[in-house]
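The structure appears right after this line, and notes come after that.
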Amino acid sequence: MRLPGRGELEALLANADDITVSIYLPTQRTGDVQQGGIRLKNLLREAEEKLLVAGLRQPEAEGMLEQARALVDDALFWHHQSDGLALFVSPEMLTYYRLPYRLDETVVVAQRFYLSPLLPLFAADGIHYVLAISQNKVRLVQCGRDGAREVTPDNLPGSMADVLQYDDFGRNLQFRSGPSQGAAGRGTAMYHGHGEGKDVAKDNIVRYLREVDQGLRETLKDTQAPLILAGVGYLRALYGEVNTYPLLLPEGIDGNPDTLAPAELHARSRPMAEAYFAAERQVALTRFGEGKARGLTLTRMEAILTAAFDGRIAVLFVALGIHVWGQYLVQERHAEIHDAYEPGDEDLVDAAVARALLTGAAVYVVAADQVPEGGPVAALLRY
Numbered sequence: 003m004r005l006p007g008r009g010e011l012e013a014l015l016a017n018a019d020d021i022t023v024s025i026y027l028p029t030q031r032t033g034d035v036q037q038g039g040i041r042l043k044n045l046l047r048e049a050e051e052k053l054l055v056a057g058l059r060q061p062e063a064e065g066m067l068e069q070a071r072a073l074v075d076d077a078l079f080w081h082h083q084s085d086g087l088a089l090f091v092s093p094e095m096l097t098y099y100r101l102p103y104r105l106d107e108t109v110v111v112a113q114r115f116y117l118s119p120l121l122p123l124f125a126a127d128g129i130h131y132v133l134a135i136s137q138n139k140v141r142l143v144q145c146g147r148d149g150a151r152e153v154t155p156d157n158l159p160g161s162m163a164d165v166l167q168y169d170d171f172g173r174n175l176q177f178r179s180g181p182s183q184g185a186a187g188r189g190t191a192m193y194h195g196h197g198e199g200k201d202v203a204k205d206n207i208v209r210y211l212r213e214v215d216q217g218l219r220e221t222l223k224d225t226q227a228p229l230i231l232a233g234v235g236y237l238r239a240l241y242g243e244v245n246t247y248p249l250l251l252p253e254g255i256d257g258n259p260d261t262l263a264p265a266e267l268h269a270r271s272r273p274m275a276e277a278y279f280a281a282e283r284q285v286a287l288t289r290f291g292e293g294k295a296r297g298l299t300l301t302r303m304e305a306i307l308t309a310a311f312d313g314r315i316a317v318l319f320v321a322l323g324i325h326v327w328g329q330y331l332v333q334e335r336h337a338e339i340h341d342a343y344e345p346g347d348e349d350l351v352d353a354a355v356a357r358a359l360l361t362g363a364a365v366y367v368v369a370a371d372q373v374p375e376g377g378p379v380a381a382l383l384r385y
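Take 3 as the starting number for the sequence shown in the numbering used here and just add one per residue.
Set out below in structure tokens:
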């Protein structure tokens with residue numbers, strides 16, 4: 003499943019078209035998957051109406067949405083969905099992402115793509131990953147607050163045998179499959195050697211784990227999400243020695259994970275991730291308090307937008323589900339804020355979050371009463 007990283011986020015922000023359409027909708031992995039097509043058809047009708055209000059002529063609006071409408075009746079497309087779907091349409095492009103969490107039906111027509119529903123992929127407290135590894139299988143599972151989805155990339159080896167290609171170690175080791183003496187004891191691979199066989203076996207496992215680490219580091223290079231390891235004890239210990247991903251948590255899921263579904267991996271790992279997120283949020287709140295004493299905090303929307311475009315934000319707190327409609331004039335460094343949406347407006351919270359993320363800020367989405375100083379947003383500055 004293709005997920006947007008920071009590169010894709012930057013490309014969406016850099017879109018130079020005068021008008022864009024952002025569409026979000028819930029989808030189904032199983033059951034009546036065609037409901038997604040019905041939802042999309044209705045949302046495209048709403049998008050066309052908004053494009054006409056924005057000043058496009060009927061043929062222009064229809065042409066802009068033509069590629070997206072082709073997806074409505076694409077049965078194969080709807081049979082390969084996750085929990086949510088995001089579509090981004092402009093006169094020059096159509097791109098979409100299947101997302102591992104549910105979305106509300108949303109249509110936004112504006113000069114810039116509306117990206118807030120993607121925030122769980124980038125927020126400092128939204129997503130964590132589980133690497134489920136045995137000698138027979140490698141899986142990467144992306145976990146959100148409410149669900150999980152396997153997202154194993156092509157650059158991870160499928161198994162230890164894929165790395166070693168059997169012949170590479172067949173002269174020294176006899177390979178058989180049988181129950182291990184590890185914590186899970188379910189059909190893991192065992193290696194029996196002659197002479198220095200045990201050392202050779204360990205070296206081969208380490209070689210395998212290094213390949214996994216290398217692929218994983220490339221896959222997660224644009225994220226700041228914690229990683230939790232699921233595997234038997236000796237594999238987890240060896241992986242810890244070769245790991246180069248900085249956010250591998252010390253806690254893990256013990257036992258052979260090969261038969262564990264993503265939902266079970268999510269249930270077992272989420273408490274560990276939540277404990278990590280809570281500790282990180284508390285650190286950020288403490289830093290905010292210290293920064294306030296030194297004049298390094300902001301709570302006014304216009305000032306936060308200016309700091310975001312300048313790349314000065316280190317930490318941004320955002321109230322869950324909040325919108326502030328208006329326009330930010332970059333050259334004038336001025337925000338026009340409206341009480342309700344007006345044609346041509348954008349969500350200023352969305353704009354601040356996107357710019358802050360692109361410059362490496364940590365973004366925390368919290369309940370409204372947990373935002374420092376009680377506003378919709380609050381920022382800690384780098385300088």
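Cβ atoms here follow ideal geometry from the backbone N, Cα and C, with glycine treated the same way. If you're wondering where the values come from, they're calculated on a predicted model, not measured in any experiment.
Spatially closest choice to residue i from the options, by CA coordinates
i, options, result
"Leu267", "Val23, Val143, Leu298, Glu94", "Val143"
"Arg212", "Asn157, Leu359, Gln284", "Asn157"
"Gln30", "Arg270, Asp347, His81, Leu89", "His81"
"Ala305", "Ala281, Met274, Ala358", "Ala358"
"Arg147", "Asp127, Ile339, Asn44, Lys223", "Asp127"
"Leu382", "Pro102, Tyr210, Gln372, Leu298", "Leu298"
"Tyr385", "Gly362, Gly293, Val373", "Gly293"
"Ile135", "Ala163, Leu237, Leu87", "Leu237"
"Ala203", "Thr221, Ala163, Leu222", "Ala163"
"Arg41", "Ile21, Gln226, Ala70, Glu107", "Glu107"
"Asp347", "Thr361, Leu331, Ala150, Arg335", "Leu331"
"Asp256", "Val234, Gly242, Leu262", "Val234"
"Met303", "Val285, Leu322, Val326", "Val326"
"Glu48", "Gln37, Val111, Gln83", "Val111"
"Leu121", "Ile324, Gln167, Gly39", "Ile324"
"Glu12", "Phe124, Glu94, Leu46", "Phe124"
"Thr154", "Ala369, Asp201, Leu222, Pro93", "Leu222"
"Asn44", "Asn245, Tyr366, Ile25, Leu218", "Ile25"
"Ile129", "Asp19, Thr22, Ile230, His340", "Ile230"
"Ala19", "Leu27, Pro61, Pro93, Ile339", "The sequence given here has Asp at residue 19, not Ala. Minimum Cα distance to Asp19 is reached at Pro93."
"Leu46", "Leu322, Ala363, Asp34, Thr22", "Thr22"
"Gly86", "Ala150, Arg283, Leu318, Glu64", "Ala150"
Range covered by the alpha helix (DSSP H) that runs through residue i
i, result
"Ile21", "Careful: Ile21 lies outside any alpha helix (DSSP H) and carries neither H nor E."
"Glu304", "303 to 312"
"Val165", "162 to 166"
"Leu121", "121 to 124"
Host beta strand (DSSP E) of residue i (start-end)
i, result
"Val140", "140 to 145"
"Ala232", "229 to 233"
"Thr97", "95 to 101"
"Pro61", "Premise fails: Pro61 lies in the alpha helix (DSSP H), 60 to 71, not in any beta strand (DSSP E)."
"Glu398", "Residue 398 lies beyond the range of the chain shown here (3 to 385); nothing can be said about it."
Residue i (DSSP reduced to helix, strand or coil)
i, result
"His81", "coil"
"Gly9", "helix"
"Phe90", "strand"
"Pro28", "strand"
"Tyr116", "coil"
"Gly346", "coil"
"Leu222", "coil"
"Arg151", "strand"
"His323", "The question names His, yet the displayed sequence has Gly at residue 323. Note: Gly323 maps to coil in three-state DSSP."
"Ile135", "strand"
"Leu360", "helix"
"Gly172", "For Gly172, the predicted model reports a pLDDT of 48, less than 50, meaning its position is unreliable and no value from the coordinates is stated."
"Val373", "coil"
"Pro273", "helix"
"Val74", "coil"
"Asp201", "helix"
"Thr261", "coil"
"Ala16", "coil"
"Leu158", "coil"
"Gly217", "helix"
"Asp34", "coil"
"His194", "Reliability of the predicted coordinates at His194 is poor, the pLDDT of 47 falling under 50, and the value obtained from them is presented with this limitation in mind. Three-state DSSP puts His194 in a strand."
CB contact check: residue i to chain D, cutoff 8 Å
i, result
"Arg31", "Judged by its chain identifiers, the structure shown contains no chain D, having just a single protein chain."
Residues that residue i bridges to, as DSSP identifies them
i, result
"Leu318", "Val365, Ala381"
"Met299", "Per the sequence presented here, residue 299 reads as Thr, with Met not at that position. Leu382, per the DSSP bridge assignment."
"Thr108", "Tyr26"
"Gln329", "Glu338"
"His130", "Cys145"
"Ile255", "Ala232"
"Leu250", "Leu229"
Practice task
Check whether the segment 264 to 279 touches the segment 242 to 255, taking contact to mean three or more Cβ pairs, one atom from each stretch, closer than 8 Å.
Solution key: Enough Cβ pairs lie closer than 8 Å, so yes.
Handout entry: Segment contact flag, the segment 337 to 354 with the segment 302 to 321, C-beta cutoff 8 Å, min 3 pairs
Key = Segments in contact, yes.
Problem - Validate contact between the segment 325 to 340 and the segment 95 to 110 using beta carbons, cut 8 Å, 3 pairs - result: No: fewer than three Cβ pairs fall under 8 Å.
Exercise for the section: Would you be able to state if there are at least three C-beta pairs under 8 Å between the segment 114 to 130 and the segment 57 to 77? Expected result: Fewer than three Cβ pairs drawn from the segment 57 to 77 and the segment 114 to 130 lie within less than 8 Å of each other, which leaves the two stretches out of contact.
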